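By the numbering used here, the letter at position 156 of the sequence shown is numbered 142, and the numbering carries on one by one without gaps. Written below as structure tokens is the structure these notes are about.
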Amino acid sequence: MLEILDLPALALNCLFSISRVMAGVSMAIVIGIAVGLSRSILPAGLKRNKLVKFLFEAPKFPPPIAWIPFVILLCGIGEFSAYIIVFIGAFSPIFTSTYDGAESVSPAIRDCARSLEIKGARFLWQIIFPAALPQIFTGIRVGVSMGWMSVIAAEMISGQSGLGYSIQLNRLNMQYDLMTVDIVMIGIIGFLLFESTVFLQKKIIPWHEAGGM
């Protein structure tokens, strides 16, 4: 097996997959946190509104792989489509954890902020966001894992490079030993991506213990 293993090609496919998941997850982090925090400051009546709840909650139930044909139809086959699929996979856990974290901020802290006239964007940034950070990182860890699985699925279906594409190519060529190498690399990289979020959490909020796998 080692004699026919193309290490440069394997390394390139790893880099392609990692770059796609990093791009898609980065978008999901920015947008997911923004939308989650924004939802948390909606009036109580709107939060309880069934239509509003449906609009926020329903899109997270279709699995990311179900969106692939639709994304290809709209965006074609290419890098942008892969980014969107990763974004879809990572967005829901980040958004949900951000919202749950923001909602968990105690009324006493909220009342204290209001008494100090901390309002609007300042209230979100200085009060809600720091308090929600532990749960936000929980969402990011899940989002990174979902994004990694999503990019592999997207590459297997419509990719021209990456580890998912390599699995399909090796399957068609009946090179099952090389396909096994791809699967092992997917597991190793997925684990390292997950652990990198745990490392970042320990650096950014060292007072809160990060959860493991």
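Cβ atoms here follow ideal geometry from the backbone N, Cα and C, with glycine treated the same way. All values reported here derive from a predicted model rather than from experimental measurement.
Among the options, which residue has its Cα nearest to the Cα of residue i?
| i | options | result |
| --- | --- | --- |
| Leu87 | Phe123, Ala68, Cys98 | Per the sequence presented here, residue 87 reads as Gly, with Leu not at that position. When only C-alpha atoms are compared, the closest one is Phe123. |
| Leu28 | Val16, Ile80, Ile15, Phe42 | Phe42 |
| Gly22 | Phe77, Leu149, Leu178 | Phe77 |
| Ala201 | Ala44, Ile80, Arg34, Leu(-7) | Only positions -13 to 199 of the chain appear in the structure, and residue 201 is not among them; the question remains open. |
| Leu20 | Leu158, Ala107, Met132 | Looking at the sequence itself, residue 20 is Ala, so the reference to Leu does not match. For the residues Leu158, Ala107, Met132, the minimum Cα distance to Ala20 belongs to Ala107. |
| Ile51 | Thr183, Gly133, Leu186, Met171 | Gly133 |
| Pro120 | Ile169, Gln187, Ile74 | Gln187 |
Below 8 Å on the Cβ atoms is my guess for residue i versus residue j; work out the distance and round it to an integer in Å.
| i | j | result |
| --- | --- | --- |
| Val72 | Gly10 | 2 Å |
| Ala118 | Val91 | 7 Å |
| Ser26 | Ile114 | 6 Å |
| Leu147 | Ser67 | A quick correction: the sequence has Ser, not Leu, at residue 147. Not quite, the Cβ-Cβ distance comes to about 13 Å (not below 8 Å), so this is no contact. |
| Val128 | Leu179 | Incorrect: roughly 12 Å between the Cβ atoms, too far for contact. |
| Leu149 | Cys0 | 6 Å |
| Ala139 | Ile54 | 7 Å |
| Met165 | Ile153 | 5 Å |
| Glu141 | Ser3 | 7 Å |
| Leu(-4) | Met171 | 7 Å |
| Ile126 | Thr183 | 5 Å |
Is residue i near the ligand PLP, going by C-beta to nearest heavy atom under 7 Å?
| i | result |
| --- | --- |
| Phe115 | Of the ligands one can find in the structure shown there are none, so the ligand PLP has no counterpart to examine. |
Helix, strand or coil for residue i? Go by DSSP, reduced to three states.
| i | result |
| --- | --- |
| Pro192 | coil |
| Gln146 | coil |
| Gln161 | coil |
| Gly62 | coil |
| Asp97 | helix |
| Ser92 | coil |
| Leu102 | coil |
| Asp168 | helix |
| Leu110 | helix |
| Glu(-11) | A caution first: Glu(-11) carries a pLDDT of 48, below 50, which makes its placement in the model unreliable, though a value can still be read off. Three-state DSSP puts Glu(-11) in coil, outside helix and strand. |
Which residues bound the alpha helix (DSSP H) around residue i?
| i | result |
| --- | --- |
| Gly75 | 65 to 89 |
Which runs of the beta strand (DSSP E) spanning at least 3 residues fall entirely within the stretch 4 to 49, listed in chain order? With a minimum length of 3 residues, there is no unbroken run of beta strand (DSSP E) contained wholly in the stretch 4 to 49.
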